[in-house]
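Structure first, commentary second.
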Amino acid sequence: MATTSFTKKSLGLETAEPAVTPPPASSTTTSFTKKPKLGSAKSKKKDIPEGVWTKCNKCSTMIFDKELDENLKVCTRCNYHFPIGARERIHSLVETCTFEEMNADITSVDILKFTGVASYTNKLADYQKSTGLKDAVITGLCKIGEHRAALGVMDFSFLGGSRGSLVGEKLSRIIEKATEKNLPVIIISTSGGARMYEGMFSLMQMAKTCGALAYHAKAKLPYISVLTHPTTAGVMASYASVGDLIIAEPGAMIGFAGPRVIKDTTQAELPPGFQTAEFLLDHGLIDAIVSRKEMKQQLTEYLSYMTEGRKKAVAAAS
Ligand SMILES: [Zn+2]
């Protein structure tokens, strides 16, 4: 670091130098170099005010943002599922005014005093400010259809949905609450995996959450795991893959390591559609693919089916 600042200082008089470094420095230089690039190919974009339209990543259709929001962030033309925030998702699933958030005030701690490009403490503060979330998961009790349920919803916009101690703790607590209150658990995952800033503490959450789920299963209570784009690594290798019922959104990328890593390790060509929800449905890892717009109705039906069966079993046993 010291070397960098020293070099910059010594070359301070040369006007050409700042242009070599990619993002920062004078804004005039940046906009000058950008203009000719965008000019001919994307001249249409200039006429469209920002934040009004969104281009679909799959079919390239321009969709009116309001329309996209009303359609739960699903492309109206090709059914592409855009990322959706945890709060929006909860709103789309639970009955009005029934969500009772739990452990809303606990926050992550920088146990290792980790510093990479930025310190973990600063990263947490930045993400809390930019997302309005305390961390990458929201948990609570709610009602879906006529069913009371414990719900955990992850949010990819907070540090890539990474699962640190806090995510593990909040999920474990909501699972334990469900066991105590005889409720089903639904966890909606989206994650890049373990939170590396927390090292081993992050990895321990795999065992902790699965331990809580084991007690929940022992009480013969149902657990539905919903996988959304992307659900990978340590989250997929723990609570996300042990649902009694595992469902996914269309087109979601689901896996442990990324396809490039697998390809390099195995030195084999990967089959088409590898690690997509559709591929995993064909190969038996997941039970169903459910569109976001049908999620609430489907979850209600699954819960009816799973809790009715339990009620009958309890009645038969007594
Ligand atoms: Zn589309």
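Counting in my numbering, the sequence shown runs from 504 upward without gaps.
Just so you know, even glycine gets a beta-carbon here, dropped at the ideal spot from N, CA and C.
Checklist entry - Roughly how many angstroms lie between the CA atoms of S692 and F567, to the nearest whole one? => result Going from the Cα of S692 to the Cα of F567 covers about 27 Å.
Item to check | Residue interval of the beta strand (DSSP E) (run including T557) | outcome: 556 to 558
Checklist entry - Can you name the start and end residues of the alpha helix (DSSP H) that H594 belongs to? => result 589 to 596
Checklist entry - Is the beta carbon of R795 within less than 7 Å of some heavy atom of ligand 1? => result no
Item to check | Unbroken stretches of the beta strand (DSSP E), 3 residues or longer, contained in the region 598 to 655 | outcome: 640 to 647
Item to check | Sequence ranges, alpha helix (DSSP H) only - wholly within the region 761 to 817, length at least 4 | outcome: Runs of the alpha helix (DSSP H) lying entirely within the region 761 to 817 and spanning at least 4 residues, in chain order: 762 to 769, 780 to 785.
Item to check | Extent of the continuous alpha helix (DSSP H) run through L571 | outcome: 568 to 573
Checklist entry - With respect to 7 Å, is the separation between the Cβ of K561 and the closest non-hydrogen atom of ligand 1 below this value? => result yes
Checklist entry - What does a CB cutoff of less than 6 Å around L802 pick up in its chain, not counting 5 residues either side in sequence? => result I647
Next on the checklist: Restricting to Cα atoms, I'd like to know which of F777, M798, L806, T768 is closest to D747.
Outcome noted: L806
Checklist entry - So, are the CB atoms of L716 and L686 less than 8 Å apart? => result no
Item to check | For A710, the three-state DSSP class (helix, strand or coil) | outcome: helix
Item to check | Selected residue, minimal CA-CA separation from K637, among R666, K766, T618 | outcome: R666
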